[in-house]
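**Q** Just passing along the structure, written as structure tokens.
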Amino acid sequence: MRCFEKSIIFDKHEIHMKVFLIGIVSFLSLFCSAQNDIYEWGEGLTSYKGRFDTAKYSYGQLDSIHRYLFNWPSDISGTCSIWKIEQMDSVSTEKIDAFYTDRMNLYDNISVPSTEFWDSLIIYRKKELSDIYIASREYLIGFVNPSSLLNLDYLDCRKYSIAMNGGEEELLAGWDDLIDEMKKKNGYPEQLEARYQKKLESPFKLKYARLELMKYGWWNCRNQYIYYHEDYYRIEEEFEKLFISVERFDEE
Numbered sequence: 181m182r183c184f185e186k187s188i189i190f191d192k193h194e195i196h197m198k199v200f201l202i203g204i205v206s207f208l209s210l211f212c213s214a215q216n217d218i219y220e221w222g223e224g225l226t227s228y229k230g231r232f233d234t235a236k237y238s239y240g241q242l243d244s245i246h247r248y249l250f251n252w253p254s255d256i257s258g259t260c261s262i263w264k265i266e267q268m269d270s271v272s273t274e275k276i277d278a279f280y281t282d283r284m285n286l287y288d289n290i291s292v293p294s295t296e297f298w299d300s301l302i303i304y305r306k307k308e309l310s311d312i313y314i315a316s317r318e319y320l321i322g323f324v325n326p327s328s329l330l331n332l333d334y335l336d337c338r339k340y341s342i343a344m345n346g347g348e349e350e351l352l353a354g355w356d357d358l359i360d361e362m363k364k365k366n367g368y369p370e371q372l373e374a375r376y377q378k379k380l381e382s383p384f385k386l387k388y389a390r391l392e393l394m395k396y397g398w399w400n401c402r403n404q405y406i407y408y409h410e411d412y413y414r415i416e417e418e419f420e421k422l423f424i425s426v427e428r429f430d431e432e
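Start counting the sequence shown at 181; every next residue gets the next number (my numbering).
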């Protein structure tokens, strides 16, 4: 009878221990899951779902990296695009000045994981933004004051600057030379020539000449002097290292 009583007592101890262990496991599971969160993003036709430790990084940090550091600040293009001759009479640097101030302020205050890679990437993006801003501002001012382009130190771009600062004959000759250059690199030179001839017959031919010399001549030449930080695959690799696990979904 006593042996039976001891067995019952022992079984009760086992039950209490099992309940205790189950409680501990459940608590740890809930605690760990409370420390994890999901961040989703997409690149092209591929979407990603990453699980990260909130004790190490915040959702906001990951979102800031993906939105502002993954690529060059292409949204600056919307502040300085001149595609039509109608836009040439209302060119202003107001939008690009505001964009530059806001984005540089964002880079100065952005919160990222404290590592050499992410700290360096911010420096590269700031250099890139400054270069794009300076060049884009020169471009916009060039529409209003073409003589300002003559003071810049880009010798291989001067032929476009000189043409835009000459008389009607020099302007049209420079435009004609530009079209010849473009036809050599164009897969449909006949169509390019046809569009050129149509604009040449327009009463606004001088505006077309100035627009295309600025856009396809001077800007394309000036663009080669802009610093673009091209390290996409390394950035993608370092970003994925911030996650516990990443699921990838490819659209077919």
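Here a beta-carbon is modelled for each residue, glycine too, at the ideal position from N, C-alpha and C.
At 4 residues or longer, and completely inside the segment 316–393: list those alpha helix (DSSP H) runs for me, N to C.
**A** Those alpha helix (DSSP H) runs which fall completely within the segment 316–393 and span 4+ residues are 338–344, 348–365, 369–380 and 385–392.
**Q** Measure the alpha-carbon distance for W298 versus D282 and round it to whole angstroms.
**A** Within the sequence shown, numbered from 1, the residue matching residue 298 stands at position 118. Within the sequence shown, numbered from 1, the residue matching residue 282 stands at position 102. So the two alpha carbons sit approximately 20 Å from each other.
**Q** Is it right to say A389 is buried, meaning 16 or more other beta carbons lie within 10 angstroms of its own, or is it exposed?
**A** Here the question's residue 389 lines up with position 209 in the sequence shown. Classification for A389: buried.
**Q** Return yes when the Cβ of W252 is within less than 8 Å of the Cβ of Y408, no when it is not.
**A** If you number the sequence shown from 1, residue 408 lands on position 228. If you number the sequence shown from 1, residue 252 lands on position 72. Result yes, Cβ atoms of Y408 and W252 sit closer than 8 Å.
**Q** Less than 7 Å between the CB of D311 and some heavy atom of the ligand PLP, yes or no?
**A** Looking at this structure, you won't find the ligand PLP or any other ligand, since it has none at all.
**Q** Are E427 and K236 closer than 8 Å when you measure CB to CB?
**A** Indexing the sequence shown from 1 puts residue 427 at position 247. Indexing the sequence shown from 1 puts residue 236 at position 56. Against a cut-off of 8 Å, the Cβ pair of K236 and E427 comes out as no contact.
**Q** Say whether the segment 247–261 touches the segment 406–423, bearing in mind that this needs 3 or more beta-carbon pairs closer than 8 Å, one atom from each stretch.
**A** Verdict: yes, contact present.
**Q** Tell me which residues share the same chain as Y313 and place their Cβ nearer than 6 Å to its Cβ, disregarding the 5 neighbours each side in the sequence.
**A** Reading the sequence shown from its first residue, position 133 is the one you call residue 313. Result list for Y313: Y280, in chain order.
**Q** Any idea if T129 is buried or exposed, counting beta-carbon neighbours within 10 angstroms, 16 or more meaning buried?
**A** Beyond the ends of the chain as shown, which are 181 and 432, falls residue 129; an answer cannot be given.
**Q** In whole angstroms, what is the alpha-carbon distance linking I245 and S310?
**A** Taking the first residue of the sequence shown as 1, we reach residue 245 at position 65. Taking the first residue of the sequence shown as 1, we reach residue 310 at position 130. Each residue's alpha carbon lies about 19 Å from the other.
**Q** Would W399 and Y319 be called neighbours here (beta carbons separated by less than 8 Å)?
**A** On the sequence shown, residue 399 is found 219 positions in, with the first residue counted as 1. On the sequence shown, residue 319 is found 139 positions in, with the first residue counted as 1. Against a cut-off of 8 Å, the Cβ pair of Y319 and W399 comes out as a contact.
**Q** My guess is that K306 and M284 are in contact by the Cβ rule of under 8 Å, so how many angstroms apart are they, rounded?
**A** On the sequence shown, residue 306 is found 126 positions in, with the first residue counted as 1. On the sequence shown, residue 284 is found 104 positions in, with the first residue counted as 1. About 7 Å; that satisfies the 8 Å criterion.
**Q** Grab the span of the alpha helix (DSSP H) containing R402 for me, first residue to last.
**A** Working through the sequence shown from its first residue, we reach residue 402 at position 222. First-last of the alpha helix (DSSP H) with R402: W399 to N403.
**Q** If I'm right that Y287 touches I276 with Cβ under 8 Å, what's the distance once you round it to whole angstroms?
**A** Position 107 of the sequence shown, counted from the start, is the residue given in the question as residue 287. Position 96 of the sequence shown, counted from the start, is the residue given in the question as residue 276. With 8 Å as the limit, Y287 and I276 do not qualify as a contact, their Cβ atoms being about 16 Å apart.
**Q** What number of angstroms, rounded off, separates the C-alpha of L351 from the C-alpha of I262?
**A** The residue given as residue 351 occupies position 171 in the sequence shown. The residue given as residue 262 occupies position 82 in the sequence shown. Going by the C-alpha atoms only, they are around 19 Å apart.
**Q** Taking the alpha-carbon of S294 as reference, which of Q371, M268, F429 and L422 has the nearest alpha-carbon?
**A** On the sequence shown, position 114 is the one that residue 294 refers to. Nearest of Q371, M268, F429 and L422 to S294, Cα basis: L422.
**Q** To the nearest angstrom, how far is it from the Cα of K385 to the Cα of A374?
**A** To locate residue 385, count along the sequence shown from 1; it is residue 205. To locate residue 374, count along the sequence shown from 1; it is residue 194. For K385 and A374, the distance between alpha carbons rounds to 14 Å.
**Q** Tell me which same chain residues have a C-beta within less than 7 Å of the C-beta of M362, skipping the five on either side of it?
**A** Here residue 362 refers to the residue found at position 182 of the sequence shown. Around M362: L372 and Y396.
**Q** Would you kindly work out how many angstroms separate the C-alpha atoms of E220 and D360, rounded to a whole number?
**A** Here the question's residue 220 lines up with position 40 in the sequence shown. Here the question's residue 360 lines up with position 180 in the sequence shown. Approximately 48 Å, taken between the alpha carbons.
**Q** Specify the secondary structure class of T273 as computed by DSSP and reduced to three states.
**A** Counting from 1 along the sequence shown, the entry for residue 273 is found at position 93. Of the three classes helix, strand and coil, the one that applies to T273 here is coil, per DSSP.
**Q** What residue from L393, I256, N289 and D269 has the CA that sits closest to A278's CA?
**A** Counted from its first residue, the sequence shown places residue 278 at position 98. Nearest of L393, I256, N289 and D269 to A278, Cα basis: I256.
**Q** Over the uninterrupted alpha helix (DSSP H) stretch that includes E418, give me the two end residues.
**A** The sequence position of residue 418 within the sequence shown is 238, counting from 1. Taken as a continuous stretch (DSSP letters only), the alpha helix (DSSP H) holding E418 covers Y412 to E420.
**Q** By DSSP, does F423 sit in helix, in strand, or in coil?
**A** Here residue 423 is taken as the residue at index 243 of the sequence shown, counted from 1. It is coil, neither helix nor strand.
**Q** Taking just the CA atoms, how far does G224 sit from M344?
**A** Here the question's residue 344 lines up with position 164 in the sequence shown. Here the question's residue 224 lines up with position 44 in the sequence shown. Between M344 and G224, the C-alpha separation is close to 40 Å.
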